[in-house]
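2 protein chains.
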Amino acid sequence: MANALEVVGERWSLLALREVFFGCTRFDQIAANTGASRDVLTVRLKKLVAAGVLEKHQYSEHPPRYEYVLTESGRALHNLMLMLKEWGDEYVTQGPLPLVWQHSCGATLEPRVVCAACGEEATPESLTRAEQVTH
Amino acid sequence: MANALEVVGERWSLLALREVFFGCTRFDQIAANTGASRDVLTVRLKKLVAAGVLEKHQYSEHPPRYEYVLTESGRALHNLMLMLKEWGDEYVTQGPLPLVWQHSCGATLEPRVVCAACGEEATPESLTRAEQVTH
DNA sequence: AATGTGAGTTGGGAAATCAAACTCAGGAGG
DNA sequence: CCTCCTGAGTTTGATTTCCCAACTCACATT
C-alpha cells in the first residue's frame, strides 16, 4: 500500500488519471476538469510518466501537441478507482451521484471484490497471512 | 472519487487506517508504524473521526487511554485497500512482497473486481454510463 | 523521588500548494 | 504582414502544509 501511495497517493494524481480514463488526455483538459493548478499538474504528470503509469505521446508535430495515454500499469488502476468511487458514493457523496456505471450485463454496476480462485468475496475475516512468496 | 479523496486522500490517512485494520489502534503505534509525524497524525485522525470513518474510544479511565476503532464506513474501505495493495504489489513493489493474503478457500488471494449482479469482471470496456439514479 | 508511558501540543524552518500572469511555438483571420 | 488565439507548460510571490524535535500532562511503576 505504501509503495502504491508513493506513486498515486499525492493530491491530483488519481483525479488526473480519472480524466485520462475518460478520454481527456490533454493538459488543459485535465487541468480544467480536476481543478489542479497547472504547475502542480505538470509535476504530477511527469511523475506518473516516470513511474510508467502514463506515456506522453506527441500526436501532432506542427504544431507540437501532446496527449497522455495509459500504460498497462495505468489501466490496471481501474479497479482501484472503481473502489474509490464506490466508497465515496456509499459513504461520502450526498444527493444524486454524478455518475453511475452500467455493466455489460445490463445491471447498474455494484462492484464486489472476490477471490479469483474461488469467486467468494474477500472480506477482512476471510483473509489470513500467508507465508512469504517471491514476486 | 473526488469526494472519497477529500476524506481519505491526504497523506497518511490510508496508512493510518491500514494500521487500525491490523489491530494497531493506539496513537503511538500508528505513528510508529506509518512514519507519520505526530502533529499531522493528530489532524488526520481527528478528520477521520469527524468524517465517521473512525471512532475514538476510551478503553481505560485511570490512566486515560484511547483507541481508534473502525465504523462501518471505515470497514468498507477494506476493498479499496485491497486494490491499492494489489496494484502496488503488481506494478511498484520490487522483490518479495511484505505481506501476502491467503483467502479462506486456501488460495493466495488474487483480488478481482466483479459486477455483483452477474459475477463477470468489471473491466473498463464492460462499463457504460447509466442514467442518473437518486441515491 | 525519579523514571516511564500514552497521547497528544508547540515552535520554527523547509517544502509543497495556490492562483494568476507570463512564455513560447505555432496556427488562423484579416 | 500584423494581430489574436491555442496548447502546454513556467515563473512568481503569497499562503498552507509538513516535518522534526522538544515539551506537556496525567497517571503508573520502581
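Going down the list, the sequences are from chains A and B. Just so you know, we're using my numbering here: the first sequence kicks off at 209 and counts up by one. Just so you know, we're using my numbering here: the second sequence kicks off at 209 and counts up by one. For glycine and all other residues, C-beta sits at the position ideal for the given N, C-alpha and C.
Within chain A, the residues placing a beta-carbon under 7 Å from that of Tyr299(B) are Ser281, Ala284, ordered along the chain. Minimum Cα-Cα distance from Met209(B) among the listed residues Arg219(A), Ala210(A), Glu214(A) corresponds to Arg219(A). Counting only the Cα atoms, Leu307(B) lies some 30 Å from Tyr267(B). Rounded to whole angstroms, the Cβ separation of Ala330(B) and Leu317(A) is 6 Å, and the two are in contact under 8 Å. Contact annotation for Lys293(A) against chain B: Met209, Ala212 [CB-CB distance below 8 Å, chain order]. Where His286(A) is concerned, the enclosing alpha helix (DSSP H) starts and stops at 286 to 299.
For Glu328(A), the chain B residues whose Cβ falls inside 8 Å of its Cβ are His311, Ser312, Cys313, in order along the chain. Within its own chain, no residue has a Cβ closer than 6 Å to the Cβ of Gly314(B) once the five positions on either side in sequence are excluded. Taking all protein chains shown into account, Ser221(B) has 16 or more neighbouring C-beta atoms within 10 Å of its C-beta and is therefore buried. When 9 Å is used as the limit between beta carbons, Val251(A) is near no residue of chain B, the shortest such separation being about 15 Å.
For Val308(A), the three-state secondary structure derived from DSSP is coil. Sequence-distant partners of Gly296(A) (beyond 5 residues in either direction) whose C-beta falls short of 8 Å from its own C-beta are missing from its chain.
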